[in-house]
Amino acid sequence: MDEVLIDTNVLVYAHQPAEAAKYAQAVRAVEALTESGRGRFSAQVLGEFVSATTRGPRPILSVADALAQAERLAEALPVLDVNRLVVLEAIRGVREHRLSYYDAQIWATARLNQVPAIFSEDFAAGSRLEGVEFVNPFVSGFDLERWT
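For the numbering used here, add 1356 to where a residue sits in the sequence shown, where the first one is 1.
1. Rounding to the nearest angstrom, what Cα-Cα distance links Asp-1459 and Thr-1504 in this structure?
2. What did DSSP end up calling Val-1383 once you bin it into helix, strand or coil?
3. Mind listing, in chain order, the continuous beta strand (DSSP E) runs of no fewer than 3 residues lying wholly within the region 1445-1491?
4. Check this for me: beta carbons of Asn-1469 and Leu-1436, under 7 Å apart or not?
5. Quick one: what's got a C-beta closer than 8 Å to Val-1471's C-beta in the same chain, skipping five residues either side?
6. So, using beta-carbon positions, are Thr-1364 and Leu-1433 closer together than 7 Å?
7. Using DSSP's beta-bridge definition, name the partner residues of Arg-1396.
8. Along the chain, where does the alpha helix (DSSP H) that runs through Asp-1421 open and close?
9. Could you check how far apart the C-beta atoms of Thr-1409 and Val-1368 are, in whole angstroms? I think they sit under 8 Å.
10. Just mark Ala-1446 as buried or exposed, buried being the case when its beta carbon has 16 or more other beta carbons within 10 Å.
11. Determine the direct distance from the alpha carbon of Phe-1494 to that of Ala-1480, and round the result to whole angstroms.
12. Are Val-1383 and Ala-1370 touching if we call contact CB-CB under 7 Å?
13. Please report the distance separating the alpha-carbon of Arg-1414 from that of Leu-1485.
14. With DSSP as the reference, identify every bridge partner of Leu-1389, one or two as the case may be.
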């Protein structure tokens, strides 16, 4: 099996029990990808995770808990850097594929690191862009075993 880049929304749902179905599926996906060693994070995703779980009047996590969790995640799986080449490839993704910049940066990180799949609900499930498949782990019929 190939590696999978885990997007921010999957991590956020894995810490949001109020969204029961997505919470359970996200936890299963993150745990399975961690146990199999197939999961990957980008530095962008870990930063977005801290931001998304600590902002607003009712944050999902305290800042201390979010930072501790991001640290645990970074120790559990490889973290792919956002560097000059990723930024330039993301710009190309915006220009040529009409992706939003931060979605393009996730795609570029996967593409340039030869990670063939991204788990996210932010892209068209099942679509492929220059060798990177977008997989929504929350859709009916999703088969986690295929990825682990």
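Idealized CB from N, CA, C, for every residue including glycine.
According to the structure shown:
1. Taken atom to atom, the span from the alpha-carbon of Asp-1459 to that of Thr-1504 is near 24 Å.
2. helix
3. 1473-1475 and 1488-1491
4. yes
5. Asp-1358, Glu-1359, Val-1360, Leu-1361, Arg-1396, Leu-1436, Thr-1465 and Val-1488
6. no
7. Leu-1361
8. 1419-1432
9. 6 Å
10. Residue burial is scored here from C-beta neighbours: Ala-1446 has at least 16 other C-beta atoms within 10 angstroms and is therefore classed as buried.
11. Roughly 12 Å between the two C-alpha positions.
12. yes
13. 36 Å
14. In the DSSP assignment, no residue is bridged to Leu-1389.
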